[in-house]
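Peer 1: Got a structure for you, questions after.
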Ligand SMILES: *Cc1c(COP(=O)(O)O)cnc(C)c1O
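Numbering (the working numbering), first residue to last: 2 to 367.
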């Protein structure tokens, strides 16, 4: 029952369909195979776990509000200026902060049709209109994006590589997108899967950030570093944008455990290389298996694949999801991304990938 004077949220908020994360449990399985959220198959660096544990005696203390140690470690490892780095509770927080700072009621936020869901959700949360540009072959289309930039456009989000499609734009296309944008429009390159992307023409965008006033690169510790539960991400920004983010973020937005584990993770280069090598081996292996089962695949450069299922009842994506779930295997439905015929499957351990491939073979042979 609604009463006349109940508190009302701001316009746009009730248009949001809340983000639903990947499935985490399968009935009847204590430890299901979880391939629904793209966390690295090998788990976090042992050194990151040790740093997290070592912090237990210090949790009565406020964290380092400026995340100095983490920014310094990131600067050293990536060869970046730490003063341009702003850390957040996951890159999700940084997406929300950028929107809060640069976008308001009636503005437009542009993204690519099958781009990461949080861009449209975040835009609605600040009363803005999300505008989706169509893609070509499940890949962001620079011309389609530029054609939709108008007077009201404030921010363009590009996940590169994109989730859930796994496709990417090469350096030259990224440059063309940047050059086509008015300098008043902020281009946010969300490089959550940068560490996995092997192609020679792939570039996460840091050098572009350094020569532009309107480009931000986002990175996360949730994927290759497998620290998703701690919530840690960072933005590499033009100085003026870093200054703005520092004004709008909470003073202790990154918790102490996340910072400690993050520093140790960045410094554990061997763990990073192992995770990358694992993906370099199993992504092609699994892709080949999927193709040999007769499913369509978009060419992924990240740590997941997007497989397309037939439309017929009993053989479609929904039926495949249920079949895998009944075998204790959790993958991601991507209907909310406008892809009702697809499932996204994270690259897990070798044993897990063999099991999913076998279960899919069984499903398609029925
Ligand atoms: C997973 C993901 C994120 C979210 O990362 P958090 O740091 O965990 O908030 C951001 N962007 C894309 C494209 C992702 O897939």
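Glycine included, every Cβ here is placed at the ideal spot set by N, Cα and C.
(1) When the distance is taken between beta carbons, is residue 305 closer than 9 Å to residue 330?
(2) Beta-carbon separation of residue 97 and residue 109 under 9 Å?
(3) Return yes when the C-beta of residue 234 is under 8 Å from any heavy atom of ligand 1, and no when it is not.
(4) Measure the alpha-carbon distance for residue 163 versus residue 5 and round it to whole angstroms.
(5) With 16 as the cutoff for other CB atoms within 10 Å, does residue 270 come out buried or exposed?
(6) By alpha-carbon positions, which one of 365, 366, 217 ends up nearest to residue 95?
(7) State the CB to CB distance for the pair residue 171 and residue 202, rounded to an integer number of angstroms; the pair is presumed to be in contact (CB under 8 Å).
(8) Identify the continuous beta strand (DSSP E) that holds residue 234 and give its terminal residues.
(9) Would residue 38 pass as a contact of residue 333 if the rule is Cβ separation under 9 Å?
(10) Could you give the DSSP three-state label for residue 43: helix, strand or coil?
(11) Find the nearest neighbour of residue 209 within the set 328, 177, 36, 222, judged by alpha-carbon distance.
(12) Compute the distance between the beta-carbons of residue 299 and residue 130, then report whether it is under 9 Å.
(13) For the putative contact between residue 370 and residue 266, defined by C-beta atoms under 8 Å, what is the C-beta separation to the nearest angstrom?
(14) Quick check: does the Cβ of residue 119 come within less than 8 Å of any heavy atom belonging to ligand 1?
(15) Under 8 Å, with one C-beta from each stretch per pair, do the stretch 248-264 and the stretch 44-53 reach the 3-pair mark?
(16) Hey, how far is the Cα of residue 183 from the Cα of residue 150?
(17) Is residue 194 near ligand 1, with its Cβ less than 8 Å from a heavy atom?
(18) Would you mind listing the alpha helix (DSSP H) stretches within the stretch 173-200 that are 4+ residues and don't spill past its ends, in chain order?
(19) Going by DSSP in three states, residue 287 sits in which element: helix, strand or coil?
(20) Report the residue ranges of all alpha helix (DSSP H) runs contained in full by the stretch 77-118; include only those spanning at least 4 residues, in chain order.
(21) Which partner residues does residue 131 have in the DSSP bridge list?
(22) What residue from 101, 214, 115, 292 has the CA that sits closest to residue 246's CA?
(23) On the DSSP bridge list, what partners appear for residue 218?
(24) On a CA-only basis, which of 351, 215, 160 is nearest residue 181? Give me that one, please.
(25) For residue 344 and residue 318, which I take to be in contact (beta-carbon distance under 8 Å), what is that distance rounded to the nearest angstrom?
(26) What's the call for residue 274, buried or exposed, on a 16-neighbour Cβ count within 10 Å?
(27) Following a CB-centred definition, is residue 221 positioned closer than 8 Å to any heavy atom of ligand 1?
(28) Just the Cα atoms here: how many angstroms apart are residue 355 and residue 35?
(29) Does ligand 1 have even one heavy atom less than 8 Å from the beta-carbon of residue 94?
(30) By DSSP, does residue 322 sit in helix, in strand, or in coil?
(31) Can we say the stretch 57-68 touches the stretch 349-365, given the rule of at least three CB pairs closer than 8 Å?
(32) With respect to 8 Å, is the separation between the Cβ of residue 73 and the closest non-hydrogen atom of ligand 1 below this value?
Peer 2: A quick look at the data gives this:
(1) no
(2) no
(3) yes
(4) 44 Å
(5) exposed
(6) 217
(7) 4 Å
(8) 234-237
(9) yes
(10) coil
(11) 177
(12) no
(13) Look at the range of the chain in this structure, 2 to 367, and you will see that residue 370 is not part of it.
(14) yes
(15) yes
(16) 9 Å
(17) yes
(18) none
(19) helix
(20) 91-103
(21) 110
(22) 101
(23) 190, 237
(24) 215
(25) 5 Å
(26) exposed
(27) yes
(28) 14 Å
(29) yes
(30) helix
(31) no
(32) no
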